[in-house]
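Participant: First the structure, which I've put down as structure tokens, then a few questions once you've had a look.
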């Protein structure tokens with residue numbers, strides 16, 4: 149086995165050992181024995197190992213009180229955001245669209261307006277990917293045609309922090325259309 153192939157394959161026993169205790173709590177003894185039979189090979193391809201890890205995470209996340217609100221195909225960024233939120237290092241800003249739909253956006257406590265805009269973009273792109281939508285959104289157009297608006301003030305300076313605008317945890321920011329300036 150050459151070096152590249154060895155690097156691309158993962159030791160299945162290490163994966164099982166890392167997740168053994170929580171996995172045993174979720175499943176019965178027979179299920180654990182059956183899963184150990186399935187993983188008796190010493191190596192797996194990267195794709196197979198990632199699939200096993202995704203399957204284990206799909207079973208572990210619903211049982212964790214901090215992470216149970218996350219979807220099954222969770223990203224690392226979503227897990228980190230949820231943990232930061234629970235530890236008070238992040239806040240949720242609800243962004244209300246023109247059609248009345250509210251999007252919960254997680255940003256760090258000292259986030260700027262630009263950070264909020266990027267978090268909105270990530271949220272929408274991830275939601276589109278999960279729904280299977282292929283529609284392209286021009287974010288340059290969106291930010292040229294709309295303002296983020298909070299407490300009778302436009303969030304016009306991308307470098308200002310949200311706290312400077314008075315935005316705190318669970319605040320609601322809305323999209324408003326920009327009027328043409330003459």
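Residue numbers (the working numbering): 149 to 330. For each residue, glycine too, the CB sits at the ideal point set by N, CA and C.
Could you tell me the alpha carbon to alpha carbon distance between residue 201 and residue 225, rounded to whole angstroms?
Facilitator: Roughly 16 Å separates the two Cα atoms.
Participant: Report all residues from its chain with a CB closer than 8 Å to the CB of residue 268; omit the five preceding and five following residues, and keep chain order.
Facilitator: Taken in chain order, the residues that qualify are 243, 251 and 253.
Participant: Assuming the contact rule is C-beta atoms closer than 8 Å, residue 261 and residue 305 should be a hit. Round their C-beta distance to whole Å, please.
Facilitator: Yes, they are in contact, since the Cβ atoms of residue 261 and residue 305 sit about 6 Å apart, within 8 Å.
Participant: Whose CA, out of 245, 256 and 249, lies closest to the CA of residue 231?
Facilitator: For the residues 245, 256 and 249, the minimum Cα distance to residue 231 belongs to 256.
Participant: Give me the Cα-Cα distance between residue 234 and residue 308, rounded to the nearest whole angstrom.
Facilitator: Going by the C-alpha atoms only, they are around 25 Å apart.
Participant: For residue 312, tell me which candidate among 218, 322, 299 and 324 has the shortest Cα-Cα distance.
Facilitator: Taking only the C-alpha atoms, the option nearest residue 312 is 299.
Participant: If I'm right that residue 274 touches residue 241 with Cβ under 8 Å, what's the distance once you round it to whole angstroms?
Facilitator: Not quite, the Cβ-Cβ distance comes to about 16 Å (not below 8 Å), so this is no contact.
Participant: Specify the secondary structure class of residue 301 as computed by DSSP and reduced to three states.
Facilitator: Correct three-state label for residue 301: strand.
Participant: Residue 255 lies in the alpha helix (DSSP H); which residues open and close that run?
Facilitator: First-last for residue 255: 250 to 256, but that is the beta strand (DSSP E), not the alpha helix (DSSP H).
Participant: Under a three-way DSSP split, which group does residue 197 fall into?
Facilitator: Reduced to three states, the DSSP call for residue 197 is helix.
Participant: Going by DSSP, what residues sit across from residue 239 in a beta bridge?
Facilitator: DSSP lists 255 as partners of residue 239.
Participant: Please return the same chain residues whose Cβ sits closer than 6 Å to the Cβ of residue 319, not counting the five positions on each side in sequence.
Facilitator: Closer than 6 Å at Cβ, skipping near neighbours: 241.
Participant: Spatial neighbours of residue 325 within its chain, please: C-beta separation below 7 Å, excluding the five flanking residues on both sides.
Facilitator: Closer than 7 Å at Cβ, skipping near neighbours: 293 and 294.
Participant: Reducing DSSP to helix, strand and coil, say where residue 244 ends up.
Facilitator: Note: residue 244 maps to strand in three-state DSSP.
Participant: For residue 315, name the three-state secondary structure that DSSP assigns.
Facilitator: Reduced to three states, the DSSP call for residue 315 is coil.
Participant: Quick one: is residue 154 buried, meaning 16 or more other Cβ sit within 10 Å of its Cβ, or exposed?
Facilitator: Residue confidence for residue 154 is low, a pLDDT of 42 falling below 50, so the modelled location carries little weight; the figure read from the coordinates is stated next. Looking at its Cβ environment, which holds fewer than 16 other Cβ atoms inside 10 Å, residue 154 is exposed.
Participant: Taking DSSP as the reference, what is the three-state secondary structure of residue 290?
Facilitator: It is helical.
Participant: Roughly how many angstroms separate the alpha carbons of residue 103 and residue 207, rounded to a whole number?
Facilitator: Any answer about residue 103 is impossible in this case: the structure gives the chain only from 149 up to 330.
Participant: Would you mind giving the Cβ-Cβ distance between residue 321 and residue 297, rounded to the nearest angstrom? I have them listed as a contact below 8 Å.
Facilitator: Yes, they are in contact, since the Cβ atoms of residue 321 and residue 297 sit about 7 Å apart, within 8 Å.
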